[in-house]
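*Asks:*
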Amino acid sequence: MQLPSTNILTILDTKIYPGESKEVNFDVANLHTSSPVNVPIIIERAKKPGPIVLFTAGIHGDEVNGVEIVRKIIAQGINKPKCGTIICIPVINVFGFITLKREFPDGRDLNRVFPGTVDGSLASRVAHKLIHEIMPYVDYVMDFHTGGAGRFNAPQIRISKESRALNELAKVFGAPFVLYSSHLKKSFRDTCFKLGKHMLLFEGGKSHHIDETVTNAGVNGAKRVLSHLGMLNVKIKVPKQKKEIVFINDSRWQRASHSGMFRADIAIGSLVKKGDIIGSITDPYGKLNFDVKAPNSGYIINVNESPIVYQGDALFHISTKLKR
Numbered sequence: 001m002q003l004p005s006t007n008i009l010t011i012l013d014t015k016i017y018p019g020e021s022k023e024v025n026f027d028v029a030n031l032h033t034s035s036p037v038n039v040p041i042i043i044e045r046a047k048k049p050g051p052i053v054l055f056t057a058g059i060h061g062d063e064v065n066g067v068e069i070v071r072k073i074i075a076q077g078i079n080k081p082k083c084g085t086i087i088c089i090p091v092i093n094v095f096g097f098i099t100l101k102r103e104f105p106d107g108r109d110l111n112r113v114f115p116g117t118v119d120g121s122l123a124s125r126v127a128h129k130l131i132h133e134i135m136p137y138v139d140y141v142m143d144f145h146t147g148g149a150g151r152f153n154a155p156q157i158r159i160s161k162e163s164r165a166l167n168e169l170a171k172v173f174g175a176p177f178v179l180y181s182s183h184l185k186k187s188f189r190d191t192c193f194k195l196g197k198h199m200l201l202f203e204g205g206k207s208h209h210i211d212e213t214v215t216n217a218g219v220n221g222a223k224r225v226l227s228h229l230g231m232l233n234v235k236i237k238v239p240k241q242k243k244e245i246v247f248i249n250d251s252r253w254q255r256a257s258h259s260g261m262f263r264a265d266i267a268i269g270s271l272v273k274k275g276d277i278i279g280s281i282t283d284p285y286g287k288l289n290f291d292v293k294a295p296n297s298g299y300i301i302n303v304n305e306s307p308i309v310y311q312g313d314a315l316f317h318i319s320t321k322l323k324r
C-alpha cells in the first residue's frame, strides 16, 4: 500500500507524521480478569522518506530471546531511522508471554492461523489485525524466533531459495547459516510471501532462555540490513561480518535410538564428519552407554539440550547438502 501524498502513516487509527515517534496499542482482548492487555507498537519515522521496516518477535510466547533482540534494537536507538520508518512489535503473543507458553490461551499456535479471521479464535483475530492493520504499509519484515522444547538453534536465517531479493538480504544480515526452507502453511512467513513482502526469519537459541551470542547475531544483522537500505542512523556503527556464511540446501534430524540421559559432545555450529561421535546416551545406573554418531558429514545447526531423551527424540539437526 502506498502512503498518501501527504506522507501521513495511519496505523490503528493513529496518524504518524514524518519525523514523529509514536507508541500505539495493539489491543485485541482483555484478560479473563477484565484487565486490559496492551501490545505496544513502537513507531519511529524520519523526516526523509524511505522504506518501512517491521521488526517482530514473540509470536510464540516462550521465545524470549527474540523479544530481547527487538528490545535491544529499541533500547540502543537502532530503530530511529535516517530515512523511512521502523515499526517494532517486541511481543506479538503477549498472552503467551505472560505465562511463558508457546500458544495462546485458546491452545492455538499463532504461527499456524495466518492470515486469520476477524471473528475467529483469539489467535486468529490477532493474526487478522496484524495482517490488515499493519502489514499493508510494510516493505520489509525481520521476524525473530528461537528453537523450542529445549532445542538450541545456531543463529540462522530461513528463506525460500527462489527469491533473489531475500538471498541478497540474507547475505547482508550475515548470520552464520542460511537455511533454505519451504513456507509452513498459514505461517506469518507464508502470508508475507503471498502479500509480496520481503521477510527474513531469524532463528537462534532456545525457548525460556536468553543467549548473548544469539542476541548479538540478531541485533548486528538488523544493523547491517538497515545500513544496506540506507536507513541506519549515522551514529550507529555497522558491525563487520566475521565469518563466511554457510548456505544449506537440505538438512536432517539425528534421532535417539535409545531412551536415557543425553549429553551432546559437539558445539553448536561445528562441522562434523560421518561417523564422528557427537554425543552419548546413558542409563541412570551406569550400566549402559550408547554413542551417538553423525549419520553424515555436515554442520550442526541445532542441538537438543534436554538431559533426558526418549527413543525417537530429535537430538541434532545436521546439514546434508550445501549450496555450491
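Quick note on full-length UniProt numbering: the sequence shown kicks off at 1 and runs consecutively.
Even glycine gets a Cβ: it sits at the ideal position worked out from N, Cα and C.
Using alpha carbons as the reference points, say which of F114, D106, P239 and L100 lies closest to N216.
*Replies:* Restricting attention to F114, D106, P239 and L100, the CA atom closest to the CA of N216 is found in P239.
*Asks:* Kindly indicate which three-state DSSP category E203 falls into: helix, strand or coil?
*Replies:* strand
*Asks:* To which residues of the same chain is V138 closer than 8 angstroms at the C-beta, ignoring the five residues directly before and after it?
*Replies:* I52, V53, L54, I87 and K197
*Asks:* Suppose the cutoff is 6 angstroms on Cβ atoms and the five residues either side in sequence are ignored; what does the same chain contact list for A294 look like?
*Replies:* V272, K274, D276 and I278
*Asks:* Compute the distance between the beta-carbons of I210 and V178, then report whether it is under 8 angstroms.
*Replies:* no
*Asks:* Run through the DSSP bridge pairs and tell me what N25 is partnered with.
*Replies:* P40
*Asks:* Grouping DSSP H, G and I as helix and E and B as strand, with all else coil, what is D190?
*Replies:* helix
*Asks:* Is it the case that the stretch 178-188 contacts the stretch 257-267, given that we only count it when at least three CB pairs across the two stretches are under 8 angstroms?
*Replies:* no
*Asks:* Given H183, which residues of its chain have a CB within under 7 angstroms of its CB, disregarding the five upstream and five downstream residues?
*Replies:* Shown here for H183: same chain residues with a beta carbon closer than 7 angstroms to its own, the five before and five after excluded, namely S160, R189, D190 and F193 in chain order.
*Asks:* List the whole-angstrom C-beta distance separating G205 from G147, where the pair is believed to meet the contact cut-off of C-beta under 8 angstroms.
*Replies:* The Cβ separation is near 7 angstroms, so the contact holds.
*Asks:* Quick check on the DSSP output: what are the complete beta strand (DSSP E) runs of length 3 or more inside the stretch 130-165, in order along the chain?
*Replies:* 140-147 and 151-159
*Asks:* From N79 to L100, what distance separates their C-alpha atoms?
*Replies:* Distance between N79 and L100, taken at the CA atoms: about 26 angstroms.
*Asks:* Applying the 10 Å Cβ sphere with the 16-neighbour rule, what's the burial state of E44?
*Replies:* buried
*Asks:* Can you tell me whether residue 325 is buried or exposed? The criterion is at least 16 other CB atoms within 10 Å of its CB, across all chains shown.
*Replies:* This structure gives no information on residue 325, because the portion of the chain shown stretches from 1 to 324.
*Asks:* Whole angstroms is fine: what's the gap from E20's alpha carbon to L9's?
*Replies:* Whole-angstrom Cα-Cα distance: 10 angstroms.
*Asks:* Using 8 angstroms as the cut-off, can you tell me whether the stretch 118-134 makes contact with the stretch 66-83, which would need three or more C-beta pairs spanning the two stretches below that distance?
*Replies:* no
*Asks:* Quick one: Cα of F97 to Cα of E168, how far?
*Replies:* 33 angstroms
*Asks:* Given this structure, state the Cα-to-Cα distance separating V37 from N30, to the nearest angstrom.
*Replies:* 5 angstroms
*Asks:* Looking at the unbroken alpha helix (DSSP H) that takes in K223, where does it start and where does it end?
*Replies:* For K223, the uninterrupted alpha helix (DSSP H) segment begins and ends at E212 to H228.
*Asks:* Measure from the alpha carbon of V67 to the alpha carbon of each residue in I16, T14, Y17 and E212, then state which is nearest.
*Replies:* Out of I16, T14, Y17 and E212, E212 has the C-alpha closest to the C-alpha of V67.
*Asks:* To the nearest angstrom, how far is the alpha carbon of V39 from that of K287?
*Replies:* Taking the straight line joining both Cα atoms gives about 52 angstroms.
*Asks:* In the DSSP assignment, find the beta strand (DSSP E) that holds T85 and state where it starts and stops.
*Replies:* T85 to I89
*Asks:* Which residues bound the beta strand (DSSP E) around V292?
*Replies:* N289 to K293
*Asks:* Nearest-angstrom Cα distance between I245 and S35?
*Replies:* If you take the alpha carbons of I245 and S35, they lie about 46 angstroms apart.
*Asks:* Nearest-angstrom Cα distance between G50 and I16?
*Replies:* 15 angstroms
*Asks:* Taking the beta strand (DSSP E) that K321 belongs to, which residues open and close that run?
*Replies:* K321 -> beta strand (DSSP E) spans A314 to L322.
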